[in-house]
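Down below is the structure, laid out as C-alpha cells.
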Ligand code: IPD
Ligand code: CA
Ligand code: CA
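In the working numbering, the protein residues as written are 1219 to 1478.
Put into C-alpha cells, the structure is as follows:
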C-alpha cells in the first residue's frame, strides 16, 4: 500500500504543531557533538512521525535523523527529519521545518516540508508539480551569478580534517553572487529556491533526510538539483547539493568546480 500526499501533509502538520507549541518554551537540549544539538522537541516530533508511519505501513523502511535506519531495504522508504533547523529552534529563531519524504524503489514519490511558525506547507508529488499552501511554485529565471541571491550552510563536522567544510567554495561564490544567506534549515533552503524567494542553494556533508523532501519539491517546481559533481543521485551519503533554475545551476557548478 502507498501513502497519499494528503496523509503525509497531515502528519507533517501534526508534527509541526508539536514544534510550534514548544517553541520558545522550556525544553531539554542535548549535545550529539560539540556543535550538534538535539532537543526534546526533535524527539517528540520524531516519535509522532514514526508512530504514524509504523502504524499505517509497518513494514516500510524508515531513515530518520534521531532513530537511524529501521526495517532495512524495503522497496518503500521514508526519510524523516522531525526538526530541520534545530540550532535555530534552540535559540528561539523562527526558521525551521518538518521534512518528510517517501520513495518507492529509489524514486522520490512524495515530499512535504512544513514551516509551522509561518504555516507554510511546501508539497510535491512526482510528476505533478510543487505547491506552497496549494498554489503552484516555480524558481526564478536569474541567469547571471551577479543577480543571484544564494543560500548555503556549514556542517557540524566543521574543523574535522577529513571532512569537506564548504569554506573553500564559500569565498568563490561570495565574490560572484549578489549575496549569500545562511538560514539554518536545508529543507527550507531548497523550498525557497523552488519558490523563487532565493535563486540558488548549495551545501556539503548533508544526510538524505535533510534533502529528500526538498529535492523533490525543487525538481517538481522546475529547478535542477544535483550533487556538486553534477550527478543527479543526491540521496547517497555523504550528500552534497546544488539547486537552482537550470541556467543558474550550470553557472554555480562551474564556480564550485573551479572552472569559472
Ligand atoms: C541541519 C540544517 C542546516 C544544515 C546542516 C543540517 P538539523 O539540520 O539543515 O541548515 O546546514 O547541515 O544538519 O540538524 O537542523 O536537522
Ligand atoms: Ca536536518
Ligand atoms: Ca533534524
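Ideal placement from N, C-alpha and C gives every residue a C-beta, glycine not left out.
Check                                                                                                               : Outcome
Outcome for residue 1421 when other beta-carbon atoms lying within 10 angstroms are tallied against a minimum of 16 : buried
Close beta carbons around residue 1297, own chain, < 6 Å, minus the five adjacent residues each side                : 1281, 1319, 1426, 1427, 1430
Distance between residue 1366 and residue 1313 (C-alpha atoms, nearest Å)                                           : 21 Å
For residue 1294: DSSP bridge partner residues                                                                      : 1322
CB contact flag (residue 1423, residue 1456, <8 Å)                                                                  : yes
Cβ-based burial, residue 1328 [other Cβ within 10 Å; buried from 16]                                                : buried
heavy atom of ligand 1 below 7 Å from residue 1403 C-beta                                                           : yes
Reduced DSSP secondary structure (H/G/I, E/B, other) of residue 1311                                                : coil
Close beta carbons around residue 1392, own chain, < 8 Å, minus the five adjacent residues each side                : 1398
Where the beta strand (DSSP E) containing residue 1283 begins and where it ends                                     : Per DSSP, residue 1283 belongs to no beta strand (DSSP E) and is neither H nor E.
CB of residue 1325 within 8 Å of CB of residue 1300, strictly                                                       : no
Where the alpha helix (DSSP H) containing residue 1262 begins and where it ends                                     : 1258-1274
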